[in-house]
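Start counting the sequence shown at 25; every next residue gets the next number (the numbering used here).
Glycine included, C-beta positions come from ideal geometry on N, C-alpha and C.
Please read all numbers here as calculations on a predicted model, not as lab measurements.
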Amino acid sequence: MSLSKGKTFSTKHGPDEKPDTLIKNEILKQTKNDKIPCAVAFEIAKALQISPEKVGKTADLMNFKLTKCQLGLFGYQPKKKIIKPQDNINEDVKDAVSDALVQGRLSCKGAWDIASRLQVGKMTVSATCEAMGVKIKDCQIGAF
Numbered sequence: 025m026s027l028s029k030g031k032t033f034s035t036k037h038g039p040d041e042k043p044d045t046l047i048k049n050e051i052l053k054q055t056k057n058d059k060i061p062c063a064v065a066f067e068i069a070k071a072l073q074i075s076p077e078k079v080g081k082t083a084d085l086m087n088f089k090l091t092k093c094q095l096g097l098f099g100y101q102p103k104k105k106i107i108k109p110q111d112n113i114n115e116d117v118k119d120a121v122s123d124a125l126v127q128g129r130l131s132c133k134g135a136w137d138i139a140s141r142l143q144v145g146k147m148t149v150s151a152t153c154e155a156m157g158v159k160i161k162d163c164q165i166g167a168f
């Protein structure tokens, strides 16, 4: 999530949008330094029985930075992304990625589903995508 100088995360949602109070309070309880890791956003969504996207939107409206993507695609220091192309590609993962592509891209949820179905790590799926030159899009918490 990069912003131009002087902009805030909330601007992408429009001036009339306000953070959901219940979600905001839960974010404040579970985070520090105006940052919310992806895993924490998903924990909050599960606990409140809401979509991860609603947690991400509320975090944006609070101007919290989303960090530590579980696919390794953003929010890590010193570089934003920690994922590297997989050297030894698992053919089952590669085939599953190929089968799930929409317009040459894989959704974040699709990557998670593949990891769950094949019982591999989420970063194994994203590293396979990197090796295949496949972009992952439509972050479930709205980061990309």
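Assigned secondary structure, LYS161 (DSSP; H/G/I helix, E/B strand, else coil):
strand
Counting pairs of Cβ atoms below 8 angstroms between the segment 155–163 and the segment 123–133, do you hit three or more?
yes
Looking at C-alpha atoms only, which residue of MET86, GLN110, THR91 and LEU85 is the closest neighbour of GLN101?
THR91
Have a look at ILE107, SER140 and VAL144 and flag the residue whose alpha-carbon is nearest the alpha-carbon of GLY157.
ILE107
Could you spell out the range, first to last residue, of the alpha helix (DSSP H) harbouring PRO76?
76–85
Determine which residues share a DSSP beta bridge with SER131 and list them.
LYS161
Of all the options LYS146, LYS53, ALA71 and LYS56, which has the alpha carbon lying nearest to the alpha carbon of GLY96?
LYS146
Please report how far the alpha carbon of VAL149 lies from the alpha carbon of ALA167, in whole angstroms.
18 angstroms
C-alpha distance - GLY80 paired with LYS42, whole-angstrom precision
13 angstroms
Rounded to the nearest angstrom, what separates LYS78 and PRO109 at their Cα positions?
31 angstroms
Quick one, are the C-beta atoms of ASP84 and LYS36 less than 8 angstroms apart?
yes
The beta strand (DSSP E) that contains ILE68, what's its start and end?
Not the beta strand (DSSP E): ILE68 falls in the alpha helix (DSSP H), residues 62–72.
C-alpha distance - GLN54 paired with GLN94, whole-angstrom precision
17 angstroms
With distance defined between alpha-carbon atoms, name the residue in VAL144, PHE98 and PHE88 nearest to ILE113.
VAL144
What does a CB cutoff of less than 7 angstroms around THR32 pick up in its chain, not counting 5 residues either side in sequence?
ASN87
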